[in-house]
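Participant: Chains as they are written, first to last, in the numbering used here: chain A, 1 to 167; chain B, 168 to 495.
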Amino acid sequence: MRESAAGGDRAASTVVGYVVALAVSAFLLAALTASLGGLTATHTDQVVMDQLTVIGETTAAALERTDRLARIAEADRGGTGLHPQSVSPGVETTIGLPRRVGGSAYTITVTADTIVVQSSRPTVTVSVAHRSRIAVAERSVRGGRVVVAYRPDPLDPTAGRLVVGER
Amino acid sequence: MASVTRPAGVSSAESGPARAQVLALTAVVVAAMLLTLVTLVNAAAYTVVETTDEPTPGDDAVRYRAMAVDGTERILDTVNRASHETTRSARVAAVDGIETLDDDLSGSAADRGAVAYLGSNVARTTPGWIVSAGSPDGSLVNASGASAYTLAADVDRSRRVVLVVDPTQLERATRHDAHERAFRVVFETRTTTTAVYVYRTAGDVVVAAGTDAETPREVCAVSAVNEHNRLRLALSGEQLGTVRCPDLWPASSLASARTYRIGVENADAAEGTLMAIVRTATTPGSPPIADHDGISPGVYDATVAFGYASETHRFETTVRVAPGEPHA
């Protein structure tokens, strides 16, 4: 660096000015990203738990909706006066759930009165109660498109079951 | 940090605006980057919410089923109001109406991105008979002058059993002398006879019910003073005008009976009309046994297959539609 005798004829070039500005911007951005990343890591478990809860409640709502429609269909079947085998009600509800939560896969296990949603990384388990009046077949499925179907009994309108599966 | 000597021809006064431009440009770049970052973070959060949201509930399936049932009920009522030579022609008319309703429903569902269908055929309809007593002058006595006669016998099921009377012409009675004085409709099974009495007291029109000849219990009443016109008693609908008449219909005794008879007694104690739509037990295609001429062919019920499918739901059911039919 040189300075003239007058001391006032030095100047930074425009190119240098741009480079400096971009460097400062990049630094700020990196700092911001790093701090946000730390924040995200801190809240990952909570976010995963919230998402699993939403998934559990969505599945419970689909189960209860299918239960309601199936009971309507069975009441209709009973009211026809026809032989039960000659009438076959059909009810299905499809829900679109995320395939992964927090970057990893998860499973949904449906039992008689509860839906258990479990992710492996991080290990988080959430249970949501459901109020299906029709018996539910115990089964586990992976996330993604999930279908809740009613499987009627050909002879006994009260012996049908709700079954959860993958689509 | 590198620097260069200002060129001889450039003064410090000229370099000031250039620096300001650089700073302004830097501010704009930083702001744009921050804005991009915020947008990306929000987009990611929105995507998570969106993928777990379920925007289409199953209520549409229930709504379309209700539309199908209501529409079929209206079709059966319309067919039974029209005059038909045979029950067969009435049933064909009902199926034609259901096909038209199917077109309407499927068109409506298609507008909502779904599929709905409704189907039936003549074999899935049941012959019915519209029985009505009451002459044009209002008398409920039958053509041969009998005040006790059979409205319909060999009945398997009945619906829309309705009595319309002139309140001012009802016989005055009390609960205790109703059996001797009051107009009544009787439902007779092999084991029990249940009667519904309609009479007038000092200020009310009273409906009472009881089995055999026992003193009936009052079920409901309306003020006769306010009834200037005809009063409608829906026996199977358990309603007098706008007043509910709980347990008026003899559901338990009729449910256990294979067949029953609907009769009228003390017909001269009221003026109006008595109507019912019945299904006969022994031969559904044959008219019921009756002591009057008011019998015409119609449709008793229709069994329809209904289906609804959307991106998220599939619902298939079979419904028997018999408008106004009580639970027994």
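Glycine included, every Cβ here is placed at the ideal spot set by N, Cα and C.
7 Å is my cut-off, CB to CB: does R487(B) come that close to chain A?
Facilitator: The sequence position of residue 487(B) within the second sequence is 320, counting from 1. R487(B) counts as touching chain A.
Participant: Identify the continuous alpha helix (DSSP H) that holds I242(B) and give its terminal residues.
Facilitator: In the second sequence, residue 242(B) corresponds to position 75, counting from 1. From DSSP, the alpha helix (DSSP H) with I242(B) extends over D226 to R248.
Participant: What's the gap between the Cα of G17(A) and the Cα of T203(B)?
Facilitator: Numbered from 1 along the first sequence, position 17 holds the residue referred to as residue 17(A). Numbered from 1 along the second sequence, position 36 holds the residue referred to as residue 203(B). So the two alpha carbons sit approximately 23 Å from each other.
Participant: Are the beta-carbon atoms belonging to E355(B) and G90(A) less than 7 Å from one another?
Facilitator: For the purposes of this step, residue 355(B) is taken as residue 188 along the second sequence, with counting starting at 1. For the purposes of this step, residue 90(A) is taken as residue 90 along the first sequence, with counting starting at 1. No, the Cβ-Cβ distance between E355(B) and G90(A) is not below 7 Å.
Participant: For A76(A), which residues in chain B fall below 7 Å Cβ to Cβ?
Facilitator: Numbered from its first residue, the first sequence carries residue 76(A) at position 76. First, the residue type needs correcting, since residue 76(A) is Asp and not Ala in the sequence shown. Within chain B, the residues near D76(A) are T484, T485 and V486.
Participant: Assuming A30(A) contacts V196(B) under a Cβ cut-off of 8 Å, what Cβ separation, rounded to an integer in Å, is found between them?
Facilitator: Here residue 30(A) corresponds to residue number 30 of the first sequence, with the count starting at 1. Here residue 196(B) corresponds to residue number 29 of the second sequence, with the count starting at 1. No, A30(A) and V196(B) are not in contact; Cβ-Cβ is about 15 Å, not under 8 Å.
Participant: Got a sec? Which residues, its chain only, sit under 7 Å from P159(A) by beta carbon, not counting five neighbours each side?
Facilitator: For the purposes of this step, residue 159(A) is identified with residue 159 of the first sequence, where counting begins at 1. This sequence places Ala at residue 159(A); Pro is not what is there. Excluding positions up to five away in sequence, the list reads D153.
Participant: Which of the three DSSP states is assigned to V308(B) in this structure?
Facilitator: Counting from one through the second sequence, the residue named residue 308(B) turns up at place 141. The answer is coil: DSSP assigns V308(B) none of H, G, I, E or B.
Participant: Going by the CB atoms, is the gap between R425(B) and A320(B) shorter than 7 Å?
Facilitator: On the second sequence, position 153 is the one that residue 320(B) refers to. On the second sequence, position 258 is the one that residue 425(B) refers to. Not closer than 7 Å, so no.
Participant: So, helix, strand or coil for P84(A), using DSSP?
Facilitator: If you number the first sequence from 1, residue 84(A) lands on position 84. Note: P84(A) maps to helix in three-state DSSP.
Participant: Can you confirm whether L69(A), when its beta carbon is compared against all beta carbons of chain B, has any partner nearer than 7 Å?
Facilitator: Against the first sequence, residue 69(A) aligns to sequence position 69. Interface residue, yes.
Participant: Going by CA-CA distance only, name the one from S302(B), D269(B) and G295(B) that's closest to A437(B).
Facilitator: Working through the second sequence from its first residue, we reach residue 437(B) at position 270. Minimum Cα distance to A437(B) is reached at S302(B).
Participant: Measure the Cβ-Cβ separation of T317(B) and D435(B) and say whether it is below 7 Å.
Facilitator: One-based indexing of the second sequence puts residue 317(B) at position 150. One-based indexing of the second sequence puts residue 435(B) at position 268. Not in contact: T317(B) and D435(B) (Cβ atoms no closer than 7 Å).
Participant: Sorted by chain position, which residues of the same chain lie with C-beta nearer than 6 Å to F56(A)'s C-beta, five sequence neighbours on each side aside?
Facilitator: Taking the first sequence and counting its residues from 1, the one referred to as residue 56(A) is at position 56. The sequence given here places Gly at residue 56(A); Phe does not occur at that position. Counting only Cβ-Cβ distances below 6 Å, and skipping sequence neighbours, we find I115, V117, V126 and V128.
Participant: Using a Cβ-Cβ distance under 7 Å, would L52(A) count as near chain B?
Facilitator: Counting from one through the first sequence, the residue named residue 52(A) turns up at place 52. No, L52(A) lies away from the interface with chain B (no Cβ there is under 7 Å from its Cβ).
Participant: Helix, strand or coil: how does DSSP classify H480(B) here?
Facilitator: Locating residue 480(B) in the second sequence gives position 313, counting from the first residue. It is a strand residue.
Participant: Return the residue from the list A281(B), A290(B) and A391(B) that minimises the CA-CA distance to E368(B).
Facilitator: Translated into the one-based positions of the second sequence, residue 368(B) becomes position 201. Note that residue 368(B) is Thr in the sequence shown here, rather than Glu. Nearest of A281(B), A290(B) and A391(B) to T368(B), Cα basis: A391(B).
Participant: W416(B) bridges to which residues according to DSSP?
Facilitator: If you number the second sequence from 1, residue 416(B) lands on position 249. DSSP lists no partner for W416(B).
Participant: Output the distance between the C-alpha atoms of E432(B) and A61(A), rounded to the nearest integer angstrom.
Facilitator: Translated into the one-based positions of the second sequence, residue 432(B) becomes position 265. Translated into the one-based positions of the first sequence, residue 61(A) becomes position 61. If you take the alpha carbons of E432(B) and A61(A), they lie about 56 Å apart.
Participant: Identify the contact partners of L204(B) in chain A, using a Cβ-Cβ distance below 9 Å as the criterion.
Facilitator: Translated into positions along the second sequence, residue 204(B) becomes position 37. Those within 9 Å of L204(B) in chain A are L29, L32, T33 and L36.
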